[in-house]
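Position 493 of the sequence shown, counted from 1, bears residue number 740 in the numbering used here, the numbering being contiguous throughout. Down below is the structure, laid out as structure tokens.
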Amino acid sequence: MTDTPELSPAPETRPRVWPLFIVCAVQAVVVFGFSRWGTTNLHSAAGFGVAPGAAAILALLWWVTLSRTPWRDRLAGAVLAAAAMGAIVLSQSRVDMGGLLLLAALPWMTYGTAAVLLATWPLRWPLRRWALALLLIACAAGFCARRVDSISAGLSPVASWRWNATTAEQAGALALVTEQGRAGVPPVAGPGDWPAFRGPARDAVVAGESFSTDWAASPPKELWRVPVGAAWSSFIQVGGYLFTQEQRGPHECVTCYDAKTGAVVWQHGVEALFEDGMGVGPRATPAYADGRIHTLGCTGAVLCLDAATGGVVWQRDLRQDAGTGQPSFGMSASPLVSRDLVLFFSGGSEGKHLNAYNRATGDIVWQAGHRADGYASPHAAVVAGVTQILMVSDYGIQTFTPETGAPLWDHAWGIKTNPRCTQPVVVDGNGVFFGGTGSSGTRRLTISLSDGAWKVEEAWSSKQFRPYFNDGALHKGLYYGFDGDRLACMDPATGKRRWAGERYNGQLLLVADMDMLLVLAESGDVILLPATPEEPAEIARFHAVTGKTWNHPLLSGGKLYVRNAQEAACFELPKAGK
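Written out as structure tokens, the structure is:
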């Protein structure tokens with residue numbers, strides 16, 4: 248009888264995990280660095296997308312080449328990971344949105360793989376292998392159940408569960424109001440009214456208002472809250488009535504609300520619908536003058552309406568008048584009333600960059616300017632003693648005589664990344680600065696006029712202040728606005744940033760009598776901070792509206808009006824001294 252030697256058991260598979268742990272640690276440090284010290288949306292995008300994407304690639308390389316797992320498992324794992332990632336991308340109606348959702352999922356996969364391997368360390372490899380497979384399947388299932396609705400200011404996806412209504416569906420559920428009332432508006436806007444984008448002077452400065460900042464003891468009192476159609480259009484307020492634009496089903500609407508109750512007084516709709524990665528509906532804010540409301544829809548509908556009834560006085564098509572197509576992010580510039588004219592920015596074909604209409608008739612009075620994209624609004628100011636219209640775009644800045652559109656001076660400064668969206672700022676009578684996000688920054692020009700000739704000199708250029716679509720305000724020689732995502736303070740004399748604070752990604756008001764900044768953040772929170780040369784601490788905060796909020800707030804008569812793409816609300820601020 249021959250003895251048969253016993254076969255020794257196969258060696259236990261023990262993956263080499265330290266390279267993956269190093270990848271995860273480096274990713275965490277890089278993401279934290281961008282989160283802590285980054286400012287612009289490019290920094291946010293690097294922290295959100297570039298770092299996790301690079302880490303995922305390195306993790307996949309580790310799995311295939313250095314993990315020491317059986318080759319069959321390496322191949323199966325790589326195929327399963329690719330299938331999970333592909334499913335997430337293809338789960339969205341647009342591949343670019345699916346790509347953003349995948350970037351949000353990658354950290355869960357990378358960190359999750361490290362966590363599973365650590366948690367299952369005592370177990371045999373066959374069980375650990377199945378745990379890793381379940382992780383990938385769970386990640387794919389969880390993220391495929393999400394729907395990307397839009398993009399945040401930091402270029403990350405704003406997602407919701409698939410079974411929840413989309414913003415467009417919510418807007419579609421709001422019926423077009425057919426029973427029209429009448430608004431008792433005054434013929435001329437008075438003190439305390441807010442008749443145009445960012446206020447009477449279009450500078451976000453609120454005068455004559457004061458209130459208690461002790462919101463812990465006396466919180467703002469909600470007076471009303473109503474659903475609204477999707478839009479990034481902001482409120483204006485005249486004579487106790489609010490005017491804005493919104494999307495309701497297939498109609499772009501101009502709506503008049505009673506400022507006391509939030510009830511719809513009248514509504515006028517035109518059949519138009521615009522939707523992109525930023526959201527649904529119109530973006531421009533109305534302008535009021537002499538009993539009329541002037542608006543611009545996302546697809547180019549120019550309306551002049553009776554502010555009392557919503558009846559059409561005249562109507563134009565800006566795209567047709569300017570000989571231009573649909574901008575990538577829709578027609579977004581708010582109209583500017585200038586004496587007997589109302590001005591609209593189109594980007595348009597050459598010579599039709601800015602378009603001036605007769606306010607009474609709607610006839611084209613003049614068109615001017617070099618063709619260029621952009622999303623800023625026309626701005627009236629006195630520069631070097633001359634009243635003029637300033638227009639910031641991706642070209643740089645151009646200025647025009649209000650009555651005729653004759654060019655005055657310009658400054659070409661192309662932009663390399665995101666389009667310009669913020670307003671120019673005039674300082675010291677002859678200084679103008681304007682900016683853009685990404686790699687461009689802000690530039691100040693010194694303007695002079697001598698013997699009929701304009702002279703434009705660059706005073707400074709700075710990459711310490713890079714506004715995206717968030718405007719700011721001047722106060723006591725300093726400019727308070729946004730360096731990318733962060734609330735910041737800049738010295739206009741030098742272009743140096745004094746401080747950069749939290750990532751609010753919102754819009755602000757400067758409450759001048761209180762030396763106070765009131766910020767409406769992208770999160771829907773309202774925050775109070777002192778307007779000081781040193782970085783301030785928050786004084787008060789409360790949650791005002793739910794959902795992504797890019798609309799400008801409005802403060803009048805002790806009431807704060809806020810809105811976003813889903814709802815609008817009015818709050819009574821506590822009286823000073825209480």
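Virtual Cβ for every residue (Gly too), placed ideally from N, Cα, C. Quantities reported herein were computed from a predicted structural model and do not represent experimental measurements.
{"query": "Rounded to the nearest angstrom, what separates Ala448 and His799 at their Cα positions?", "result": "15 Å"}
{"query": "Is it true that the CB of Arg445 sits closer than 9 Å to the CB of Gln635?", "result": "no"}
{"query": "Span of the alpha helix (DSSP H) holding Ser457?", "result": "From DSSP, Ser457 is part of no alpha helix (DSSP H); its letter is neither H nor E."}
{"query": "Within its chain, find whatever has a CB closer than 8 Å to the CB of Leu696; leave out the 5 residues flanking it on each side and keep chain order.", "result": "Ala631, Gly632, Val633 and Lys702"}
{"query": "Determine, using beta carbons only, whether Pro582 and Pro625 come nearer to each other than 9 Å.", "result": "yes"}
{"query": "Look up Phe680 in the DSSP assignment and give the residues it is bridged to.", "result": "Val672 and Arg691"}
{"query": "Across which residues does DSSP place Lys702 in a beta bridge pair?", "result": "Ser695"}
{"query": "Who are the near neighbours of Leu313 in its chain, counting only those whose CB is closer than 8 Å to its CB and skipping five residues on each side?", "result": "Arg263 and Pro266"}
{"query": "Pull up the distance between the alpha-carbon of Glu749 and that of Trp613, whole angstroms please.", "result": "43 Å"}
{"query": "Which same chain residues, not among the five before or five after Asp641, have their C-beta less than 7 Å away from its C-beta?", "result": "Ala619, Asp620, Gly621, Gly661, Ile662, Pro666 and Arg667"}
{"query": "Contact defined as beta carbons within less than 8 Å: I believe Leu757 pairs with Ala791. What is the distance between those atoms, to the nearest angstrom?", "result": "About 18 Å separates the two Cβ atoms, so there is no contact after all."}
{"query": "In three-state DSSP terms, what is Tyr642?", "result": "coil"}
{"query": "How many angstroms separate the CA atom of Ala554 from the CA atom of Leu543?", "result": "15 Å"}
{"query": "Can you tell me whether Arg429 is buried or exposed? The criterion is at least 16 other CB atoms within 10 Å of its CB, across all chains shown.", "result": "exposed"}
{"query": "By DSSP, does Met356 sit in helix, in strand, or in coil?", "result": "helix"}
{"query": "If you draw a straight line from the C-alpha of Ala823 to the C-alpha of Glu704, how long is it?", "result": "45 Å"}
{"query": "Closest to Gly682 by CA distance: which of Gly439, Gly300, Tyr726 and Ile694 is it?", "result": "Tyr726"}
{"query": "With distance defined between alpha-carbon atoms, name the residue in Ser481, Cys503, Trp479 and His498 nearest to Tyr488.", "result": "Cys503"}
{"query": "Kindly indicate which residue of Ala272, Ser708 and Pro369 has the alpha-carbon position closest to the one of Ala361.", "result": "Ala272"}
{"query": "Three or more beta-carbon pairs under 8 Å between the stretch 490 to 501 and the stretch 416 to 429, yes or no?", "result": "yes"}
{"query": "In this structure, does DSSP put Gly748 in helix, strand or coil?", "result": "strand"}
{"query": "By alpha-carbon positions, which one of Asp440, Val639 and Gly594 ends up nearest to Gly805?", "result": "Asp440"}
{"query": "For Ala400 versus Glu814, is the C-beta spacing smaller than 9 Å?", "result": "no"}
{"query": "For the 8 Å Cβ check, are there 3 or more pairs between the stretch 381 to 393 and the stretch 338 to 349?", "result": "yes"}
{"query": "In chain order, what are the residue ranges of uninterrupted beta strand (DSSP E) at least 3 long that sit wholly in the stretch 531 to 578?", "result": "534 to 536, 539 to 543, 548 to 553 and 559 to 564"}
{"query": "Mind checking whether the beta-carbon of Asn605 lies closer than 8 Å to any heavy atom of the ligand PLP?", "result": "The ligand PLP is not among the ligands present in this structure, which contains no ligands whatsoever."}
{"query": "What residues match up with His790 in a beta bridge as DSSP calls it?", "result": "Asp772"}
{"query": "According to DSSP, His722 sits in a beta bridge with which residue or residues?", "result": "Leu725"}
{"query": "Please say whether Pro714 and Asp730 have beta carbons closer to each other than 9 Å?", "result": "yes"}
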